[in-house]
Structures are given as C-alpha cells and as structure tokens.
Amino acid sequence: MVNRLASQLDRRDEEPNIELAHELASEENKVGIIEIIDNLSNKDKKIRHDCIKVTYEIGQVKPELISDYAIKFVGLLRSRDNRMVWGAMQALATIAHLKADLLMKQLHEIQLAVKNGSVITVDKGIITLAKVAASNKEKNERIFPFLIEHLKKCRTKEVPQHAESTCIAVNDENKEEFLQVLREREPYMTEPQRKRIAKLIKSVG
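Here it is in structure tokens:
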C-alpha cells in the first residue's frame, strides 16, 4: 500500500491517496487498511501525511472500516505535527456517531484540541463533539455547554459553519439557548453570514 501513496509516486496532488482510499473502502480490504494505520507513525513525514489522508477518506466512505482505531486518532491529537492533528480530528469526525461511548471517555482530549487547534482541527472537532452529544441525553448535557460557549467566543466568520455543525445536537431542551446565541451574534455578521444564520434559525425554530 505504501508504494501507492502520492509521495512514493512522486506526485504532489492527493489523487493517488483518494483513489487508494476508495479502493480499500470498496473492497473492504482490512489488511491494507491496517498497513495504512500502522504507517501513521512512519518516520517519513510524507508517508504519514499521505496515510492520514487515506484514513479519513476511507472514513468518509465507510466509517466502520476505521472506527476500531478511534483511540489511535485521539492519541494523534497531541502530535507535534499539525497535519496529523487535524487529519486525526477529521478521521474522528467521520466515526464519532459509531464510537460515541468511547469518545465520551476521551472528551477532555478532544475539547483540548478544539481549544488549542488550527482552523481545520476546530472545524472537525466541533462536528465530532456534536455527533457525540447527539447520541443521547446524558452526553448532550455534558457536551452542549462547551459547544454553546464556543459559539459565543469563536470568530464571527466561523459562527455560521460551527452553528450548522452544532445543529445536530440541538433538541427541544437546549433549542432556546442555541437560538439566543445566534441572535446575539447575528448583528455583527456580513449579509451572506446573516442569511446562513437566518436559514438555520428557521430550520431549528
């Protein structure tokens, strides 16, 4: 599998990685997937970057094929290599609905990555947390306050996207709190941002 990665083919685009991911997913090639997962810790930065790309591309097609590696992805959130951090969070975002109980036990790690992470880490982290929160009432009660606090403090331009991601965790009990934050932030938005928020308010309200 490693020989088919973009870097090993001397390619600068991601197409070989995407093709490999789709092939592994369609064939449910678990041996091939294990090889990709094992190489997430390869000493060659290019190889591990290719492998995390293949991993979350598989997750987008067939998340169940990478769900058993959830703890591995959580561990990567502490990596010094930012590409691995946001790639791992992207992988977690694809499997969060399948591994909600396990990820709940790793809540601190995920929240820490969201607080300190890059733009993509935060984007995918909010999706991950919202999916876990949406899985049941108890998890929702623990996670939703964090999501609300994030919506209050994140940059204005990020509110629409993060609110849309959070929306799956909105229910009858927390709906008003969610809507109130959106209304408070709405006056500071551009017209396109306001339109997205208005659409969201309508769908929730």
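Here my numbering runs 10 ahead of the position in the sequence shown, where the first position is 1. Where is the CB? At the ideal position from N, CA and C, for every residue including glycine.
For His59, the three-state DSSP class (helix, strand or coil): In the sequence shown, residue 59 corresponds to position 49, counting from 1. DSSP places His59 in helix when its eight states are reduced to three.
If you measure between the beta carbons of Ala80 and Lys109, is that distance less than 8 Å? Position 70 of the sequence shown, counting from 1, holds the residue named residue 80. Position 99 of the sequence shown, counting from 1, holds the residue named residue 109. Yes, these two residues count as a Cβ contact at 8 Å.
Exposed or buried, which one is Tyr66 when buried takes at least 16 other CB atoms within 10 Å? Position 56 of the sequence shown, counted from the start, is the residue given in the question as residue 66. It counts as buried.
Assuming the contact rule is C-beta atoms closer than 8 Å, Glu24 and Ala35 should be a hit. Round their C-beta distance to whole Å, please. The residue labelled residue 24 in the question sits at position 14 within the sequence shown. The residue labelled residue 35 in the question sits at position 25 within the sequence shown. Contact doesn't hold; Cβ gap of about 16 Å is too wide.
Going by CA-CA distance only, name the one from Trp96, His32 and Asp91 that's closest to Ile68. Reading the sequence shown from its first residue, position 58 is the one you call residue 68. The candidate whose alpha carbon is nearest that of Ile68 is His32.
Kindly indicate which three-state DSSP category Ile46 falls into: helix, strand or coil? Along the sequence shown, read from residue 1 onward, the residue named residue 46 stands at position 36. In the structure shown, Ile46 sits in a helix (DSSP, three-state: H, G or I).
Quick check: the region 185-197 against the region 161-173, are there 3 or more CB pairs under 8 Å? yes
Collapsed DSSP secondary structure at Thr131 in the structure displayed: Position 121 of the sequence shown, counting from 1, holds the residue named residue 131. Three-state DSSP puts Thr131 in a helix.
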